[in-house]
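Okay, structure first, notes after.
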Amino acid sequence: MYPRNIKNKVFWFPIKHKKKNYISVVIAHEMLHFVFYDYLYKHYPKYKNHKYDFKIWNISEAFNIVIQNSPEWVKIFKEKCKFYPGHKRLIKKMQKIWQEKQNIDYLLKRVLP
């Protein structure tokens, strides 16, 4: 929804939002993408190949929802993160895996192509 540059770790978003406190949710969401991609590329370098870009973007969006809609995050931000409707199935799958074991490698090994 908001443009970003993963390599340079910058993103753009509107200065105002209809929900006053939602800006902090957006900032956390975009920064979590930076952490996700840093981790992925360090531990799974083959996914730097551009042929994986779309699949990895989908996984990163679903991952953020799993984390940001967890009770711990909602307690801090007081707001659940919105998601793309097309990610609903992947989010449910990743939430189930995350509930089994809250471990990023465990999760990634089950969803990466």
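In our numbering, the protein residues as written are 1 to 113.
For glycine and all other residues, C-beta sits at the position ideal for the given N, C-alpha and C.
Query - Trp15 versus Leu112: straight-line alpha-carbon distance, rounded - result: Residue identity check: residue 15 is Ile in the sequence provided, not Trp. Spanning the two alpha carbons is a distance of roughly 34 Å.
Query raised in the report: So Leu90 and Tyr44 are in contact, right, with Cβ under 8 Å, and what is the actual spacing, rounded?
Result: Not a contact, Cβ separation roughly 17 Å.
Query raised in the report: Residues in its own chain within less than 7 Å of Lys9 by CB, not counting five upstream and five downstream?
Result: Here the set comprises Phe34.
Requested in this report: Go ahead and label His115 buried or exposed: buried means 16 or more other beta carbons lie within 10 angstroms of its beta carbon, across all protein chains shown.
Outcome: Residue coverage of the chain in this structure runs from 1 to 113, which leaves residue 115 outside it and unanswerable.
**Report entry** Reference Lys75, options Val25, Ile6 and Lys7, closest by Cα
**Finding:** Ranking Val25, Ile6 and Lys7 by Cα distance to Lys75 puts Val25 first.
Query raised in the report: At which residues does the alpha helix (DSSP H) containing Ser70 begin and terminate?
Result: Counting along the chain, Ser70 falls outside any alpha helix (DSSP H), and DSSP gives it neither H nor E.
**Report entry** Closest Cα partner of Asn21 within the set Phe77, Lys93 and Ile6
**Finding:** Checked all of Phe77, Lys93 and Ile6; the closest Cα to Asn21 is Phe77.
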